[in-house]
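Trainee: Residue numbers (my numbering): 591 to 1154. Here a beta-carbon is modelled for each residue, glycine too, at the ideal position from N, C-alpha and C. Note that the structure is a prediction, hence the values are computed from the model and not measured.
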Amino acid sequence: MTGSVLRLLGVLALIPLCPAFSRPKFQLEAPKPKLEADGVKAEQTPPQLTPEEIPIARPLLQWPNWKRSHEHICSLFPGLLCSDSLAPAFKVSSMATLDLREDMLGIGSGWFVLAVLPCAARGLFGLARNQEAPKDRVDRAAAVAPSREVAFIHWWSCGPQITMASLKVFLAALLLLELLGLQAPQTNVFALPETIRRVRAHPYGKTLELGFHSGFASGDIDLMPRLTYIFMPSLNDATADSYATVFSILRASVLVSWCAFLALPGAWTASWGCFLWGVVVYVVMAALGSMFQPVCVSLCTCYFLVAAACVLPSLEKSPRARGWLGMFLMNSALIPFYFSSGLSKLRYAGWGAMLSGSWTTQALQQGLSRSVLPGFTAWIQKTPVAMAIMSLGVNLVEFLLPLSLLFLASSSSDLALWLRSSWILLVTFFHIATILVVGPNFSRQLPLLMMLLHACWRPVRSSDAEAIEPGQMKSWRCRVGFATVLLALWMCNQLWSDIDHLRGATPHDSHHDMQWPLPEMSMFVSPSASTNYVRSLCLEIVIVAGLSCKIYSDISQTSTAVKA
591 MTGSVLRLLG
601 VLALIPLCPA
611 FSRPKFQLEA
621 PKPKLEADGV
631 KAEQTPPQLT
641 PEEIPIARPL
651 LQWPNWKRSH
661 EHICSLFPGL
671 LCSDSLAPAF
681 KVSSMATLDL
691 REDMLGIGSG
701 WFVLAVLPCA
711 ARGLFGLARN
721 QEAPKDRVDR
731 AAAVAPSREV
741 AFIHWWSCGP
751 QITMASLKVF
761 LAALLLLELL
771 GLQAPQTNVF
781 ALPETIRRVR
791 AHPYGKTLEL
801 GFHSGFASGD
811 IDLMPRLTYI
821 FMPSLNDATA
831 DSYATVFSIL
841 RASVLVSWCA
851 FLALPGAWTA
861 SWGCFLWGVV
871 VYVVMAALGS
881 MFQPVCVSLC
891 TCYFLVAAAC
901 VLPSLEKSPR
911 ARGWLGMFLM
921 NSALIPFYFS
931 SGLSKLRYAG
941 WGAMLSGSWT
951 TQALQQGLSR
961 SVLPGFTAWI
971 QKTPVAMAIM
981 SLGVNLVEFL
991 LPLSLLFLAS
1001 SSSDLALWLR
1011 SSWILLVTFF
1021 HIATILVVGP
1031 NFSRQLPLLM
1041 MLLHACWRPV
1051 RSSDAEAIEP
1061 GQMKSWRCRV
1071 GFATVLLALW
1081 MCNQLWSDID
1091 HLRGATPHDS
1101 HHDMQWPLPE
1111 MSMFVSPSAS
1121 TNYVRSLCLE
1131 IVIVAGLSCK
1141 IYSDISQTST
1151 AVKA
């Protein structure tokens, strides 16, 4: 009897548990910590990330719908703009650029080209009329006494001449490039508001793989400054629209102020004020845009615009100011930009790989999906001779010719003129070929290159430059100091990379690239076991020492000639 009662009680106890077997439980529960054998709590599953910690998530979800709604564009540029293999930063840039084209101020950015062109035509017509008027005679009676300092100013202010007309043509071309989105998928400075609306978070991410620096050289050791925390400290989903509206207003102010500069006479104070305001806003927007896509395509443009703002009030009247602006563009912006790229390729790929062209295999493989001519790209990749020829062209454009031009920086000989012209034309062809073969779009450099080509054939010679008055010495010290420091920083950045690698501050197999404000320019190459940082450091020391001696010799000769 007792046994039967116990069995009955056991059956009754199991009845409440039966629904658990017949009805599954779908509610998610936080994982419970597991205990190790020694009693120590095991590592818990990481908590779910917030949208601010994974900024690439929202744009990647938008990408398929955007492609479906832009089938025509994707059919025209399938690899360049719409390839699924694009890095998240390029996908966002493509979407933001098309948003700009379609929605800027409710009508699309392309319509504003109709405002830029008449303003540029009005300004150039006014300059042509002013050139017909008689020029004021330059008074050389109150010149500063000859010295090495004056000779150094002379070194920086006699060379390629950038006139007010060429500056206005360049600015009009820059506005057209931004408004039409011709640099896609690289960063469009004017598309910053659209980028903010799509990302709605800071671009860095909780880890490198979750942010927009993943896949870029600047992400290796994270040297790039995080500027969005300065200008948009509380950027998130709730505040993104407000920040985007602010930058939309600033973008409109840049367009209005630069159109006013194009139309007004350059000598007017209002004209300089309009230009300066546009430069300040444009440089800030370009710097913030590079945070979302760490590629330095707008850097030379920004440096040149800052330099132009420094001399704009005297640009029409002073041949020396026009010569300084041309020398700045050539020796402090463009040549160091490409020369840094050449040094970085020698550092990471190695000298043997640069001679044989074997380093291009990786670049061609990465660019195959983005190439406009994928068949041609694949043929180059399979043809060693073609890769060697391609590598030779890159060496000419990014190392041999820039190095020669730095040593001939102050020369006014026919050899220097033809070398400069040949280099500019080769760089132009190089960028066009790069767009077609491997995808990166550096068309923003083309207006700068064409302006420099025009300046090289209209140089300011020693006989054309006006005397420097005592009251002008302070401003000339600032201009020359700015140009010299920037040139030195380009070289110091390369030395810093090798020194940091050698002392272990940067891992051997990592890049050392901050991208902004001075990039290492290590595109298309990666560190390997054969990378020799001692050899590249020695090469850079020899170049810096030789260039310093050459500049000192030029200054000494100029100072001696003036005193005589």
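Between which two residues does the alpha helix (DSSP H) containing Cys672 stretch?
Mentor: Segment: none, Cys672 is in no alpha helix (DSSP H) and carries neither H nor E.
Trainee: If you draw a straight line from the alpha carbon of Ile1014 to that of Leu995, how long is it in whole angstroms?
Mentor: Cα to Cα, the separation comes out at about 11 Å.
Trainee: From Val844 to Cys864, what does the alpha carbon distance come to, in whole angstroms?
Mentor: Rounded to the nearest angstrom, the two C-alpha atoms are 8 Å apart.
Trainee: From Ser1143, Ser1120, Ser1100, pick the residue whose C-alpha is nearest to that of Ser1112; which is it?
Mentor: Cα-wise, what sits closest to Ser1112 is Ser1100.
Trainee: Using CA atoms only, rank isn't needed, just tell me which of Ser959, Ala828, Ser930 is closest to Pro992.
Mentor: Among Ser959, Ala828, Ser930, the Cα nearest to that of Pro992 is on Ser930.
Trainee: Three or more beta-carbon pairs under 8 Å between the stretch 1000-1007 and the stretch 1076-1088, yes or no?
Mentor: They do not touch, by the three-pair rule.
Trainee: Below 8 Å on the Cβ atoms is my guess for Val1017 versus Gly749; work out the distance and round it to an integer in Å.
Mentor: Going by Cβ atoms, the distance from Val1017 to Gly749 rounds to 18 Å, so no, they are not a contact pair.
Trainee: Thr1024 to Met917, Cα distance in whole Å?
Mentor: If I take the Cα positions, the gap works out to 27 Å.
Trainee: Spatial neighbours of Gly716 within its chain, please: CB distance less than 7 Å, with the 5 preceding and 5 following residues excluded, ordered by chain position.
Mentor: For Gly716, where only same-chain residues beyond five positions count, the Cβ hits under 7 Å are Pro855.
Trainee: Excluding sequence positions up to five away, which residues of its chain have a Cβ less than 6 Å from the Cβ of Thr973?
Mentor: Result list for Thr973: empty, nothing under 6 Å.
Trainee: Can you have a look at Pro641 and say buried or exposed, based on whether 16 or more other CB atoms are within 10 angstroms of its CB?
Mentor: Pro641 is exposed by the Cβ-count criterion.
Trainee: Between His744, Val682, Pro654, which has its C-alpha nearest Tyr1142's C-alpha?
Mentor: Comparing Cα-Cα distances from Tyr1142 to each of His744, Val682, Pro654, the minimum goes to His744.
Trainee: Quick test of your reading: Thr785 and Ser888, contact by CB under 8 Å. State the CB separation rounded to the nearest angstrom.
Mentor: Actually they do not touch by this definition, with Cβ atoms about 14 Å apart.
Trainee: Buried or exposed: where does His1044 fall if 16 or more other Cβ atoms within 10 Å of its Cβ makes it buried?
Mentor: Buried.
Trainee: Skipping 5 residues on each side, what residues in its chain have a beta carbon closer than 7 Å to that of Ala980?
Mentor: Per the sequence presented here, residue 980 reads as Met, with Ala not at that position. The answer, listed in chain order, is Gly947, Thr950, Ile970.
Trainee: Go ahead and label Ser1138 buried or exposed: buried means 16 or more other beta carbons lie within 10 angstroms of its beta carbon, across all protein chains shown.
Mentor: Exposed is the call here.
Trainee: For Thr753, does the three-state DSSP call read helix, strand or coil?
Mentor: Of the three classes helix, strand and coil, the one that applies to Thr753 here is coil, per DSSP.
Trainee: At 4 residues or longer, and completely inside the stretch 642-704: list those alpha helix (DSSP H) runs for me, N to C.
Mentor: Entirely contained in the stretch 642-704, the alpha helix (DSSP H) runs reaching 4 residues are, in chain order, 647-659, 661-666, 678-693.
Trainee: Give the straight-line distance between the Cα atoms of Leu704 and Ser861, rounded to the nearest whole angstrom.
Mentor: So the two alpha carbons sit approximately 21 Å from each other.
Trainee: Can you grab the Cα-Cα spacing for the pair Gly629 / Pro1107, in whole Å?
Mentor: Reliability fails at Gly629, whose pLDDT of 43 lies under 50, so the model's placement of it is uncertain and the value that follows must be treated cautiously. Roughly 51 Å separates the two Cα atoms.
Trainee: Among the candidates Gly913, Leu1042, Ala1119, whose CA atom is the shortest distance from the CA of Ser1053?
Mentor: Nearest option by C-alpha distance: Gly913.
Trainee: Report the CB separation of Ala899 from Leu866 in whole angstroms; it is logged as a contact under 8 Å.
Mentor: Confirmed, about 5 Å.
Trainee: Between the alpha carbons of Leu761 and Gln952, how many angstroms are there, rounded?
Mentor: Approximately 36 Å, taken between the alpha carbons.
Trainee: Starting from the Cα of Pro708, find the closest Cα among Trp1047, Trp848, Glu768 and give me that residue.
Mentor: For Pro708, the nearest C-alpha among the options comes from Trp848.
Trainee: Measuring only the C-alpha atoms, how far is Phe927 from Glu1130?
Mentor: Those two C-alpha atoms are separated by around 15 Å.
Trainee: What does the alpha-carbon distance come out to for the pair Gly1071 and Arg788?
Mentor: Taking the straight line joining both Cα atoms gives about 41 Å.
Trainee: For the stretch 752-760 and the stretch 829-843, state whether three or more C-beta atom pairs, one from each stretch, are separated by less than 8 Å.
Mentor: Not touching, per the Cβ criterion.
Trainee: Less than 7 Å between CB atoms is the rule here; does Arg790 satisfy it with respect to chain B?
Mentor: Although the question refers to chain B, the structure presented lacks it and comprises just one protein chain.
Trainee: How big is the Cα-Cα spacing for Leu618 and Gln638?
Mentor: Bear in mind that the predicted position of Leu618 carries a pLDDT of just 34, short of 50, making it unreliable; the figure below should be weighed with that in mind. Computed Cα separation, rounded: 13 Å.
Trainee: Have a look at Asn1031, Trp746, Arg937 and flag the residue whose alpha-carbon is nearest the alpha-carbon of Pro1117.
Mentor: Nearest of Asn1031, Trp746, Arg937 to Pro1117, Cα basis: Arg937.
Trainee: Can you tell me whether Cys1128 is buried or exposed, with buried defined as 16 or more other CB within 10 angstroms of its CB?
Mentor: Cys1128 comes out exposed.
Trainee: Considering only the alpha carbon of each residue, which of Leu1038, Ala1078, Val682 lies closest to Lys758?
Mentor: Nearest of Leu1038, Ala1078, Val682 to Lys758, Cα basis: Leu1038.
Trainee: What residue does the alpha helix (DSSP H) around Ile1058 start on, and which one ends it?
Mentor: Segment: none, Ile1058 is in no alpha helix (DSSP H) and carries neither H nor E.
Trainee: Assuming Phe894 contacts Ala679 under a Cβ cut-off of 8 Å, what Cβ separation, rounded to an integer in Å, is found between them?
Mentor: That pair is no contact at about 24 Å.
Trainee: Along the chain, where does the alpha helix (DSSP H) that runs through Phe997 open and close?
Mentor: It spans 991-997 - the alpha helix (DSSP H) in which Phe997 sits, taken as one unbroken run.
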